[in-house]
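Take a look at the structure set out below.
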Amino acid sequence: MNTSAQRMPSDLEIAQSATLKKIAEVAGSIGVLPDELEFYGRYKAKVSPSILERLGERPNGKYIVVTGITPTPLGEGKTVQTVGLAQGLAHVGKRAACCIRQPSLGPVFGIKGGAAGGGYSQVVPMEDFNLHLTGDNHAVSSAHALLSAMVDTLLVKGNPGRLDPTRVTWRRCVDMNDGALRQIVLGLGGNGIPRETGFDLTAASEVMAVLALANSLKDLRARLGRIVVGYTNQDLPVFADDLKAAGAMAILLKDALKPNLLQTLEHVPVFVHAGPFANIAHGNSSILADKIAMKCCEYVVTEAGFGADMGMEKFMDIKCRVSGLKPDVVCMVVTVRAMKAHSGRFRVVPGRPIDSRLFEPNVQALKEGSVNLVKHLENVRYFNVPCVVAINRFPSDSVDEIEALRDAAEMAGATQVVVSEVHTKGGAGGAALADAVIGAAEMPRDNFRFLYDTEWDIARKIETIATTIYGAAGVQYERAAERAIERFTRLGWGNLPICMAKTQYSLSHNPSWKGRPHDFVLPIRDIRVSAGAGYIYPLAGEMMTMPAFGRSPAAMRMDIDEHGQVVGLF
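Heads up, the sequence shown is in our numbering, so the first residue is 750 and it goes up one at a time.
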C-alpha cells in the first residue's frame, strides 16, 4: 500500500486500481452458500433471508456500532472507520463483516460525493455502491410513488374512505436534490383535486425506514399496510391498507428486502442495505443485514448515522427494540479538527472554503471543543455499553493535539482511546483499534438498557431524550405538537418509540450552536407519526427533507470516458 509522503491517490483511483474477488468467493468466506445468492454481475449479489433458517441455531457474533461526535462539514470519516475496523478485525484473524447504508443519489451528486469510505478503507465496486447498486432505492421510490398515485386517485374517484384532501400527509419522493420540488401544487388543469404537497428525498421516505426495520417479508407487508396517508374529516387515520395499496407496494419491494453483499478493498464482506436519514428517520442500515452478518461472522461492525445524539440513540431505542439485538461495543469516531471546530472559534460552512487556521496546531481550541466529545461519551453510558474512541488521524494533527484529545476522552470515561490510520494503511492501520474493540467486547458489564420505557406517555419520552441526550433544560411544545400528542394518544400510538427529527450539526435544535450547548429549551413545533415504521417523530426546529444543489455540486466534476470509466466520483 502507498503510505509514502507522495501524493496519495484519490479514492476513485484507489478503488479502480483494486483487484476484486468474485462475490461468490467473498460470500463463501463467511459460509454463505451459492444457492443463497442472487448475482448482479461478478462483484455484487443479494443474499436471501432464508439463510437465517439454516443458521438459526448458530450463536450471534459480537455486535459493534460505530457512531461519532456532532458532525461538522469537514467530515469525520465515520464510514472510513467502519470499513477500516472491519478490515482491522480481519487483519488480526477474526471473521468479520460490516453493515452500512446505501447512499442517496442526492448527496452523491451534491456536496458529499461518494460515501463508500475512503483511502484504503473502501467498499468496492465504489461506483456501483454510490450509484444504482441493485436498484433498491429505485424500488423504494416506486413503492412510495405508487401509494402517492393511489391517494390522489382515491380523491377523484368518489373518495369512499372520505379522506380529507386538506389533511393528506403523504408526500412524494425522488432520489435527487431537486429543491424546486420542495413545495408544489398538483391537480391543476382538471387533472385531480388541486392541493399543496411536496417532495422529500427518497432517504426520508417512510418506505425506506420500513425496509430497514422489517424482519421478514410478512413483517414488511404488515408495516406497509400501517402507513398513514392522511385523516378523514372525523379525525380518523387513513392507512395504506385502506387504499388496498400495500400489497402492490410489497411486490415492488420483495427483492429490495434482500441485503446486498459487496466487499472492501481487502475482500472483507460488506452488507449494504437501505438508507434512511438519521436527522429525520432512524438512520441505520437494515435489521436483516445485521442478523445475517451476525450468524455468519464473529464480529459485525454496523454504522449509525451522524452523532451519538442522532443515529446511535435511535439505533439503541428503535432498531434494537425491533430486532432484539444488543450491541457489545460502541466505537466513537472523533477528529482533532472537528474538536477545534466545536470550539466555535472557526467558521465552517458546507460548500465554502475552510478557514486555514483550523489546520494549525491549537491545543486550547481543541480542549474547548472537546466538551462535545465528553457529552457524546455520556450519552453512550446511559445505555450501559463500553465505548472505544477512535481518533481518525489527519496529517495536520500535531502530537500535542492528539495527546490532549486522548486525555479528554479517557477522563470522560472511554474504555480505550486508539489512534486509527485505516485511511492510509487499511486493515493494518486498524489493528490496534480492532484489538481494543475485541477487548471491550469481552469485558464484564452491566446489562444493556434502553433510555426510556415505551409505555411512558409521549411527552415524557420526548423530554427524556431532550434533557438526557441533548442536554436541554426543558421542552416547549407549540400548539400543533400539543394537539398531535392528544390525537396520537387517543388513536393508540402513545406507546411507540420516539424518533426525533432535528439538525445533525448541533446537540441542540440550532445548527449554529457548537460544542455543548447549555440552558436551552428544545422547541417542538409539530409531531408526526410513522405508524408503518413504528415510531412517532417530533420536529425540533426547522427540518429540511428535500435538499437543493449548491452553486457547484459534485455532479459538475463527474464524467465518463469512452471506455465507460467513471471519473470525478469522489
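Ideal placement from N, C-alpha and C gives every residue a C-beta, glycine not left out. Predicted, not measured: the structure shown is a model, and the values here were computed from it.
Residue i to residue j span [Cα, whole Å]
i, j, result
"Ser1092", "Ala1114", "6 Å"
"Lys1075", "Glu774", "30 Å"
"Leu823", "Ala999", "39 Å"
"Ala971", "Tyr869", "41 Å"
"Val1328", "Thr828", "Because the chain here runs from 750 to 1319, residue 1328 falls outside it and cannot be looked at."
"Asp984", "Gly907", "19 Å"
"Phe1055", "Met1081", "11 Å"
"Val1171", "Val889", "33 Å"
"Gly859", "Phe1108", "25 Å"
"Asn1033", "Leu930", "26 Å"
"Ala1280", "Pro914", "20 Å"
"Ala754", "Asn1141", "Caution applies to Ala754, whose pLDDT of 49 falls short of 50 and renders its modelled position unreliable; the value that the coordinates give is listed next. Spanning the two alpha carbons is a distance of roughly 18 Å."
"Leu1126", "Ala1161", "7 Å"
"Ser1105", "Val978", "49 Å"
"Arg921", "Glu955", "11 Å"
"Gly1175", "Gly910", "57 Å"
"Tyr1254", "Ile1218", "14 Å"
"Thr768", "Gly941", "54 Å"
"Ser766", "Asp760", "10 Å"
"Pro852", "Met1192", "34 Å"
"Leu854", "Asp1039", "23 Å"
"Trp919", "Ala1233", "16 Å"
"Ser1169", "Ile779", "26 Å"
"Glu945", "Leu937", "11 Å"
Coarse secondary structure for residue i, derived from DSSP in three states
i, result
"Phe858", "helix"
"Ala1297", "coil"
"Pro783", "helix"
"Phe878", "helix"
"Glu1170", "coil"
"Arg1142", "coil"
"Ala794", "strand"
"Arg1236", "helix"
"Asn751", "Model confidence at Asn751 stands at a pLDDT of 44, short of 50, so the residue's coordinates are unreliable; what they give is reported in the following sentence. Note: Asn751 maps to coil in three-state DSSP."
"Gly1175", "helix"
"Phe1026", "coil"
"Thr1216", "helix"
"Ile1264", "The sequence given here places Gly at residue 1264; Ile does not occur at that position. In this structure, Gly1264 counts as coil in the three-state DSSP scheme."
"Gly974", "helix"
"Thr883", "coil"
"Lys770", "coil"
"Ala1250", "strand"
"Ala1222", "coil"
"Asp1149", "helix"
"Pro849", "Position check: residue 849 holds Ile in this sequence, whereas Pro was assumed. Strand, per DSSP."
"Gly1317", "coil"
"Leu1288", "strand"
"Gly777", "helix"
"Ser870", "strand"
"Met1307", "coil"
"Leu950", "strand"
"Gly979", "strand"
"Met757", "coil"
"Leu1074", "coil"
"Met1081", "strand"
CB-CB length for residue i against residue j, believed under 8 Å
i, j, result
"Tyr1048", "Leu838", "5 Å"
"Val900", "Val1079", "Rounded, the Cβ-Cβ distance is 41 Å, inconsistent with contact."
"Thr1238", "Ile1207", "6 Å"
"Val1224", "Val1270", "7 Å"
"Ala994", "Leu895", "6 Å"
"Arg1337", "Pro1246", "Look at the range of the chain in this structure, 750 to 1319, and you will see that residue 1337 is not part of it."
"Ala871", "Ala864", "It should be pointed out that residue 871 corresponds to Gln in this sequence rather than to Ala. In fact, because the Cβ distance is near 10 Å, the residues do not count as touching under 8 Å."
"Glu1052", "Asn1128", "The pair is not a contact, with the Cβ atoms about 17 Å apart (cut-off 8 Å)."
"Val841", "Ala1183", "5 Å"
"Cys1136", "Phe1020", "Actually they are not in contact, since the Cβ atoms of Cys1136 and Phe1020 sit about 23 Å apart, beyond 8 Å."
"Ala1030", "Met925", "Their Cβ separation, rounded to whole angstroms, is 18 Å, which puts Ala1030 and Met925 out of contact at 8 Å."
"Ala1180", "Leu1122", "23 Å between Cβ atoms; not a contact."
"Val1138", "Ala1177", "Not confirmed; about 20 Å, so no contact."
"Asp1268", "Ala1222", "5 Å"
"Val873", "Ala764", "5 Å"
### Task
Specify whether the segment 1031-1046 and the segment 1297-1314 touch according to this definition: at least 3 beta carbon pairs, one from each stretch, less than 8 Å apart.
Judged by Cβ distances under 8 Å, the segment 1031-1046 makes no contact with the segment 1297-1314, as fewer than three pairs qualify.
### Query
Quick check: the segment 999-1017 against the segment 786-798, are there 3 or more CB pairs under 8 Å?
Taking one beta carbon from each stretch, the segment 999-1017 and the segment 786-798 have 3 or more pairs nearer than 8 Å; the two touch.
### Query
Which whole runs of the beta strand (DSSP E) in the segment 995-1058 are 3 residues long or more, in chain order?
Fully enclosed beta strand (DSSP E) runs of 3 or longer: 1009-1013, 1018-1021 and 1048-1052.
### Task
Taking only runs that begin and end inside the segment 817-842, name each unbroken alpha helix (DSSP H) of 4 or more residues, in chain order.
Counting whole runs of 4 or more residues, the segment 817-842 contains the alpha helix (DSSP H) stretches 827-840.
### Message
If contact is defined by three or more beta carbon pairs under 8 Å, each pair taking one atom from either stretch, is the segment 1257-1275 in contact with the segment 1187-1203?
### Response
The answer is no - the segment 1257-1275 does not touch the segment 1187-1203, with fewer than three Cβ pairs under 8 Å.
### Query
Quick one: any contact between the segment 1017-1026 and the segment 953-967, if contact means 3 or more CB pairs under 8 Å?
Yes: the two stretches touch, three or more of their Cβ pairs being nearer than 8 Å.
#### Entry: Three-pair Cβ contact test at 8 Å for the segment 1296-1306 versus the segment 1257-1264
Put simply, the segment 1296-1306 does not touch the segment 1257-1264. Fewer than three CB pairs are less than 8 Å apart.
#### Entry: At least 3 beta-carbon pairs within less than 8 Å: the segment 801-817 vs the segment 1147-1162
With the cut-off at 8 Å, the segment 801-817 and the segment 1147-1162 do not touch.
### Query
Hey, which unbroken runs of the beta strand (DSSP E) at 3 residues or more fall wholly within the segment 878-947?
DSSP runs (the beta strand (DSSP E)) wholly in the segment 878-947: 912-917, 921-923, 933-935 and 944-946.
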